[in-house]
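So the structure is just underneath, and the comments pick up after that.
In the numbering used here, the protein residues as written are 794 to 1005.
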């Protein structure tokens, strides 16, 4: 972890099938994730027995990481929605540069869990509570295989949320992130006759020029 924190050459690291790494081990390893200086672009952690606590350690370290683009944490059966949500709570307002996440949904989710999941994901991609929150949402993350084809699997009450998530993921593929933020603000605060004046009145003065 310490060596990778200053790594300038290694781009892809596969640690799959290392199920014996403990929570302390992952805390030490996450040193390389909690730095903007590492050159690591892709990290593969399939079948590493990552549970909720380990997931939270790894995801929290990504807040300051500006290099890692692809994280593969597929086939880790020991974390629940708590671990899944930990990733999406990191995305807004951080330096996290993750563009693609390979992950599977925990088993045994009921309808309430599914609805909560859609809401958390959508809020990370586009928080509509204010223009400032929309501006601070994540405009980088654009690919998560777990969402592919899921729109058809659920009732209409969830389909709107899922379709909105797909829209935001598609918008995030635009490399011009200022344009992505602008389009989200227009869509959420100035569409369908909404003047957005009330939102502007409470906006922080440092954000307003960027929002405009």
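Here a beta-carbon is modelled for each residue, glycine too, at the ideal position from N, C-alpha and C. Note that the structure is predicted; figures quoted are calculated from it, not measured.
Pick from 918, 923, 808: whose alpha carbon is nearest that of residue 883?
Counted from its first residue, the chain shown places residue 883 at position 90. The residue with the shortest Cα to Cα distance from residue 883 is 918.
Who pairs with residue 937 in a beta bridge, going by DSSP?
Indexing the chain shown from 1 puts residue 937 at position 144. Answer is 894, bridged to residue 937.
Could you check if residue 982 is buried or exposed, using at least 16 other CB atoms within 10 Å of its CB as the buried criterion?
What you label residue 982 is simply residue 189 of the chain shown in a count that begins at 1. So residue 982 counts as buried.
Ordered along the chain, which non-local residues of its own chain (more than five positions away) have a Cβ less than 7 Å from that of residue 826?
On the chain shown, position 33 is the one that residue 826 refers to. Contacts found: 851, 854, 855, 858, 861.
Straight-line gap, residue 798 to residue 832 (C-alpha atoms, nearest Å)
For the purposes of this step, residue 798 is identified with residue 5 of the chain shown, where counting begins at 1. For the purposes of this step, residue 832 is identified with residue 39 of the chain shown, where counting begins at 1. For residue 798 and residue 832, the distance between alpha carbons rounds to 8 Å.
When the Cβ atoms of the region 887-907 are set against those of the region 930-939, are three or more pairs found closer than 8 Å?
yes
Nearest-angstrom Cα separation, counted from residue 835 out to residue 841
For the purposes of this step, residue 841 is taken as the residue at position 48 of the chain shown. For the purposes of this step, residue 835 is taken as the residue at position 42 of the chain shown. Their backbone Cα atoms lie some 16 Å apart in a straight line.
So, using beta-carbon positions, are residue 915 and residue 964 closer together than 8 Å?
The residue given as residue 915 occupies position 122 in the chain shown. The residue given as residue 964 occupies position 171 in the chain shown. No; because the gap between Cβ atoms is not below 8 Å, this pair is not in contact.
Does any residue of chain B have a CB that is nearer than 8 Å to the CB of residue 813?
In the displayed structure, chain B is absent; only one protein chain is listed.
Proximity to residue 953 [Cα-Cα], best of 911, 810, 809
One-based indexing of the chain shown puts residue 953 at position 160. The shortest Cα separation from residue 953 among 911, 810, 809 belongs to 911.
Range covered by the alpha helix (DSSP H) that runs through residue 978:
Start at 1 with the first residue of the chain shown, and residue 978 comes out as number 185. From DSSP, the alpha helix (DSSP H) with residue 978 extends over 970-982.
Spatial neighbours of residue 946 in its chain, beta-carbon cut-off 8 Å, leaving aside the 5 residues before and after:
Residue numbering aside, residue 946 sits at position 153 when the chain shown is read from its first letter. Reliability fails at residue 946, whose pLDDT of 49 lies under 50, so the model's placement of it is uncertain and no value is given.
If you compare alpha carbons, which of 877, 889, 830 is closest to residue 929?
Position 136 of the chain shown holds residue 929. Checked all of 877, 889, 830; the closest Cα to residue 929 is 889.
Note down the Cα distance separating residue 897 from residue 869, rounded to an integer number of angstroms.
As a first step, residue 897 is located in the chain shown; it is residue number 104 there, counting from the start. As a first step, residue 869 is located in the chain shown; it is residue number 76 there, counting from the start. Using only the alpha carbons, I get a separation of about 8 Å.
As assigned by DSSP and simplified to three states, the class of residue 864
For the purposes of this step, residue 864 is taken as residue 71 along the chain shown, with counting starting at 1. Of the three classes helix, strand and coil, the one that applies to residue 864 here is strand, per DSSP.
Ordered along the chain, which non-local residues of its own chain (more than five positions away) have a Cβ less than 7 Å from that of residue 976?
Position 183 of the chain shown, counted from the start, is the residue given in the question as residue 976. Hits under 7 Å: 964.
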